[in-house]
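From first to last, the protein sequence lines stand for chains A and B. When the first sequence is numbered by our numbering, its final residue is 159 and no position is left out of the sequence of numbers. When the second sequence is numbered by our numbering, its final residue is 318 and no position is left out of the sequence of numbers.
Protein chains: 2
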Amino acid sequence: MTIPESSYGADMRPAVADAGLLEDGIRSAGLKVTVPRLAVLRALTDRPHATADALFGAVRADLPGTSLQAVYGVLASFTTAGIVRKIEPAGSPALFERRVGDNHHHIVCTRCGVVHDVDCAVGHSPCLTPVDALGFDVRAAEVIYWGLCAQCQSETALP
Amino acid sequence: MTIPESSYGADMRPAVADAGLLEDGIRSAGLKVTVPRLAVLRALTDRPHATADALFGAVRADLPGTSLQAVYGVLASFTTAGIVRKIEPAGSPALFERRVGDNHHHIVCTRCGVVHDVDCAVGHSPCLTPVDALGFDVRAAEVIYWGLCAQCQSETALP
DNA sequence: ACCGTTGTTTTGAATTACTCAAAACAAGAT
DNA sequence: ATCTTGTTTTGAGTAATTCAAAACAACGGT
Numbered sequence: 001m002t003i004p005e006s007s008y009g010a011d012m013r014p015a016v017a018d019a020g021l022l023e024d025g026i027r028s029a030g031l032k033v034t035v036p037r038l039a040v041l042r043a044l045t046d047r048p049h050a051t052a053d054a055l056f057g058a059v060r061a062d063l064p065g066t067s068l069q070a071v072y073g074v075l076a077s078f079t080t081a082g083i084v085r086k087i088e089p090a091g092s093p094a095l096f097e098r099r100v101g102d103n104h105h106h107i108v109c110t111r112c113g114v115v116h117d118v119d120c121a122v123g124h125s126p127c128l129t130p131v132d133a134l135g136f137d138v139r140a141a142e143v144i145y146w147g148l149c150a151q152c153q154s155e156t157a158l159p
Numbered sequence: 160m161t162i163p164e165s166s167y168g169a170d171m172r173p174a175v176a177d178a179g180l181l182e183d184g185i186r187s188a189g190l191k192v193t194v195p196r197l198a199v200l201r202a203l204t205d206r207p208h209a210t211a212d213a214l215f216g217a218v219r220a221d222l223p224g225t226s227l228q229a230v231y232g233v234l235a236s237f238t239t240a241g242i243v244r245k246i247e248p249a250g251s252p253a254l255f256e257r258r259v260g261d262n263h264h265h266i267v268c269t270r271c272g273v274v275h276d277v278d279c280a281v282g283h284s285p286c287l288t289p290v291d292a293l294g295f296d297v298r299a300a301e302v303i304y305w306g307l308c309a310q311c312q313s314e315t316a317l318p
């Protein structure tokens, strides 16, 4: 399934990120600033829910020498450093996003695969507090809503 | 009938009556009853959250001729027929469970990977309404809680 | 500006989990 | 018992990701 790009949420970033801001983001996470890292972070800014492969394609357009393994490595270091979040919806390769630290959730179209952010429902949805945590020390709740996006609803309704 | 994982173990089940129940479950789902299907369903009854590979190992103990592809095929037909549910927690191969038709969720230990069922806090389908559905026709909500299980908490606390 | 340490990227290969396809086979209807 | 249909085996293939070693680059110290 090819995953279309989704629109930005309310906390919209500029489509073309300032190079200095990207650099600061990487450096302040305790990571060395490198050309592939800047390129991946820029590509991810333009594609809020992208696969490693999609980012590789985007990065390779500007930096043809970049390897796919480098993209995986960059994403792993970003994810570990906490400046990128990795999500793994069932049936899809992993997706990466820059929006971190707010425990937001996702809504995925079962037909076209488009992914949108959904704000955290803590305090509103009863499902975010398990009735019985079974002795677990619960650290995170991950919610994925599945359904048909508006466009796929209208396309599916056609004859 | 679906039974929570903690309710009974393998040796508490009446073996003879069980075979008939498994058979009925398969047949009433509109599927042919075959030896590999019975074996997979029995193995899954004993292992409420099992991977295809774990089920393959269990089935092969009794039926050495069974192929891994057969297990995948059986699980796919069961899942399509609605008598088995497939869950895909991040970082894990797919898990299968017999408990279907309710809206329960899962809690996964980040250290040892153990999975338990968690009921929804409120009745039937409270999880189907994200704060803002963005025009989606939401059909399902999947919730995974991540944390440390009781045993891993105590083991982690050791020197 | 150079150097050395440390971390990063490239190169190449391997692995895991899963899927596909065709032939052999078995279940259940007649 | 036979026929049709669906299932399983056999064998191969793929997607996504990971591993390992050598080449390379960043950045703090000099």
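Note that beta-carbon positions come from the ideal geometry of N, C-alpha and C, so glycine has one too.
| query | result |
| --- | --- |
| Reduced DSSP secondary structure (H/G/I, E/B, other) of Glu117/B | Lying before the first or after the last residue shown, residue 117/B is absent from chain B, which here runs from 160 to 318. |
| Neighbour list for Gly149/A in chain B, Cβ cutoff strictly below 9 angstroms | What sits at residue 149/A in the sequence shown is Cys, not Gly. Within chain B, the residues near Cys149/A are Leu293, Gly294, Phe295, Asp296. |
| Proximity below 9 angstroms, CB of Val84/A to CB of Leu41/A | yes |
| Where Ser313/B falls, given that 16 or more other Cβ within 10 Å makes a residue buried | exposed |
| Cβ contact (3+ pairs, closer than 8 angstroms) linking the segment 96-112 of chain A and the segment 268-278 of chain B | no |
| Check whether Val118/A and Asp291/B have beta carbons under 9 angstroms apart | yes |
| Reduced DSSP secondary structure (H/G/I, E/B, other) of Val273/B | coil |
| Validate contact between the segment 178-187 of chain B and the segment 219-227 of chain B using beta carbons, cut 8 angstroms, 3 pairs | no |
| C-alpha gap between Val35/A and Ser77/A, whole angstroms | 14 angstroms |
| DSSP bridge partner residues for Val267/B (one or two, in chain order) | Val274/B, Trp305/B |
| 7 angstroms Cβ cut-off: residues of chain A touching His275/B | Leu134 |
| Cα-Cα separation between Lys191/B and Val230/B, rounded to whole angstroms | 15 angstroms |
| Min CB distance Thr110/A to chain B below 9 angstroms | yes |
| Among Asp137/A, Pro93/A, Trp146/A, nearest to Thr315/B - alpha-carbon criterion | Asp137/A |
| Where Ala157/A meets chain B, residues with beta-carbon distance less than 9 angstroms | Per Cβ cutoff of 9 angstroms: no residues; Ala157/A is ~11 angstroms from chain B at best. |
| Check whether Ala90/A and Glu301/B have beta carbons under 9 angstroms apart | yes |
| Span of the alpha helix (DSSP H), counted from its first residue to its last, around Arg37/A | 35-46 |
| Cβ separation of Leu134/A and His275/B, assumed to be a contact under 8 angstroms, to the nearest whole Å | 5 angstroms |
| Backbone CA spacing between Val273/B and Gly20/A [nearest angstrom] | 43 angstroms |
| First through last residue of the beta strand (DSSP E) which encompasses Ile246/B | 244-246 |
| Contact under 9 angstroms by Cβ, Leu75/A with Ile87/A | no |
| Any C-beta of chain B under 9 angstroms from that of Glu97/A | no |
| Nearest neighbour of Ala299/B, chosen from Ala140/A, Leu148/A, Gly73/A [CA to CA] | Leu148/A |
| Collapsed DSSP secondary structure at Ala299/B in the structure displayed | strand |
| Expected contact under 8 angstroms - CB spacing of Val59/A and Ala81/A to nearest Å | Between Ala81/A and Val59/A the Cβ distance is about 18 angstroms, and since that is not below 8 angstroms, they are no contact. |
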